[in-house]
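J.: Each residue of the sequence shown is one higher than the last, beginning at -14 in our numbering. Pasting in a structure now, in structure tokens, and then I'll have a few things to ask.
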Amino acid sequence: MTIKAIQEEIIDEFAMFDDWMQRYEYIIDLGKNLPLIKEEYKTDVNLIKGCQSKVWLQGEQNDDAVVFTADSDAILTKGIIAILIRTFSNQKAADILNADMNFIDEIGLKEHLSPTRANGLVSMIKQIKMYALAFQSQNTNN
């Protein structure tokens, strides 16, 4: 499934809810279903800087796709990273780098987060793109 198709799916899912309390509950549920990152990856190296709570993100290359795992010590933040992983894991590095991030605004996520959580969201996206950039340049150099 393409990144755009996944983003459209997420937009449709969020549109089903009438208010933001329901959407927060949904985000928390998504976080509960996030496949857990291996304990060995819960290191300072994988800790995303700029997040209010602790968020670990691990990326690795599997053939021509980038596979992400993550975890957070905060339930809402865990749901936010779950949305991002659903969108970008198992995608090509170039597709991740070229992805349009408007779906975040379309579901209203950034405007319904505290400023520190919104900054954390930006940091999560930046870290995902940094992994993609690293894998893309690694592939170019091989």
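Beta carbons: idealized from backbone N, C-alpha and C, even for Gly.
#1: Under three-state DSSP, which class holds LEU61?
#2: Going by other Cβ atoms of all chains shown within 10 Å of its Cβ, with 16 needed for buried, is ALA0 buried or exposed?
#3: Please confirm whether GLY93 and GLY16 have their CB atoms less than 7 angstroms apart.
#4: Where does PHE88 fall in DSSP's three states?
#5: At the level of alpha carbons, what is the spacing between ASN128 and ASP90?
#6: Quick one: which unbroken beta strand (DSSP E) runs of 3-plus residues sit fully inside the region 10 to 57? Chain order, please.
#7: Quick one: Cα of ALA79 to Cα of ASP49, how far?
#8: Can you pull the DSSP bridge partners for GLN76?
#9: From ASN47 to ASN75, what does the alpha carbon distance come to, in whole angstroms?
#10: By a C-beta neighbour count over all protein chains shown, 10 Å radius and 16 as the cutoff for buried, is ALA117 buried or exposed?
#11: I need the DSSP call for LEU118, collapsed to helix, strand or coil.
#12: Which one of ILE(-5), GLU24, GLU25 has the shortest CA to CA distance from PRO67?
#13: Grab the span of the alpha helix (DSSP H) containing LYS(-11) for me, first residue to last.
T.: In terms of the structure at hand:
#1: helix
#2: exposed
#3: No, they are not a contact pair.
#4: helix
#5: Because the chain is modelled from -14 through 127, residue 128 falls outside the range shown and cannot be assessed.
#6: 40 to 47, 50 to 57
#7: 10 angstroms
#8: VAL51
#9: Straight-line Cα distance between these residues: approximately 8 angstroms.
#10: buried
#11: In the structure shown, LEU118 adopts helical secondary structure according to DSSP, grouped into three states.
#12: In the sequence as presented, Pro is not what sits at residue 67; that position holds Ala. With distances taken between Cα atoms, ALA67 lies closest to ILE(-5).
#13: -12 to 0
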